[in-house]
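Enquirer: FYI, in UniProt numbering the residues of the sequence shown are 1 to 140.
For glycine and all other residues, C-beta sits at the position ideal for the given N, C-alpha and C.
I have a structure I would like to understand better, so I am pasting it below and will then ask my questions one at a time.
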Amino acid sequence: EWVCVCADTKYAYQDEGGSGKCFTTVVLGGSAAGVALPPYIVYAAKNINTSWCQQGPSRAMYRCSNKGWITSDLFLDWFENLFLLETAHIPRPLLLLMDNLSAHISIKAIEMAQKNQIILLCLPPNTTHALQPLDVVTFG
């Protein structure tokens, strides 16, 4: 899970008439071979505004949640409708490294991973800033 912000802050927010913070989450993934998955963008909204999806990255998926954060249901949506489709041509088993966000681990996610021969491996707590492969190599 990635939240894009300026380098001088760790909080992503946008002032909207004094309403406080507005979060947008971008889930990114890639392979050890350097192949990037399309972004999965989660806006803070009840419904997606179609203008938010125009001229975005190729094959990006757009969703929304109350706070703009990834949820267990959205993770399952990403896993089933983006990750599995984009990796269907790759021989199994596959290893999926993730941070240990609770939204990533649910019975449904584990069952879907087992069914598709995906090994889910969560990085240890409080180490993702140093161990998360995309943080260290791509965005570091």
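Can you tell me whether W78 is buried or exposed, with buried defined as 16 or more other CB within 10 angstroms of its CB?
Expert: Numbered from its first residue, the sequence shown carries residue 78 at position 78. With 16 or more Cβ atoms within 10 Å of its Cβ, W78 is classed as buried.
Enquirer: Could you pull the DSSP bridge partners for L94 from this structure?
Expert: Counting from 1 along the sequence shown, the entry for residue 94 is found at position 94. Bridge partners of L94: I118.
Enquirer: Near W52, what residues of its chain come up, given a Cβ to Cβ distance below 7 Å and the 5 sequence neighbours on each side ignored?
Expert: Position 52 of the sequence shown, counted from the first residue, corresponds to residue 52. Non-local beta-carbon contacts of W52 in its own chain, meaning distances under 7 Å to residues more than five positions away in sequence, involve Y43 and Y62 in chain order.
Enquirer: Drop a sphere of 10 angstroms on the beta-carbon of A109, count the other beta-carbons inside from all chains shown, and report buried for 16 or more, exposed for fewer.
Expert: Indexing the sequence shown from 1 puts residue 109 at position 109. Per the 10 Å Cβ criterion, buried.
Enquirer: How is the alpha helix (DSSP H) around S72 delimited, first residue to last?
Expert: Here residue 72 is taken as the residue at index 72 of the sequence shown, counted from 1. Looking at the DSSP string, the run of the alpha helix (DSSP H) that includes S72 is S72 to W78.
Enquirer: Can you tell me whether DSSP reads A113 as helix, strand or coil?
Expert: The sequence position of residue 113 within the sequence shown is 113, counting from 1. Helix, per DSSP.
Enquirer: Would L82 and L37 be called neighbours here (beta carbons separated by less than 9 Å)?
Expert: One-based indexing of the sequence shown puts residue 82 at position 82. One-based indexing of the sequence shown puts residue 37 at position 37. A contact, by the Cβ cut-off of 9 Å.
Enquirer: Mapping DSSP to helix, strand and coil, what is I41?
Expert: Locating residue 41 in the sequence shown gives position 41, counting from the first residue. Reduced to three states, the DSSP call for I41 is strand.
Enquirer: Where S72 and L101 are concerned, what is the direct C-alpha to C-alpha distance, given to the nearest angstrom?
Expert: The residue given as residue 72 occupies position 72 in the sequence shown. The residue given as residue 101 occupies position 101 in the sequence shown. Whole-angstrom Cα-Cα distance: 10 Å.
Enquirer: If you follow the beta strand (DSSP E) that T24 is in, where does it begin and where does it stop?
Expert: Position 24 of the sequence shown holds residue 24. It spans T24 to V27 - the beta strand (DSSP E) in which T24 sits, taken as one unbroken run.
Enquirer: K67: which of L94, A45, N126 and P91 sits nearest, CA to CA?
Expert: Residue mapping note: residue 67 aligns to position 67 of the sequence shown, counting from 1. The shortest Cα separation from K67 among L94, A45, N126 and P91 belongs to A45.
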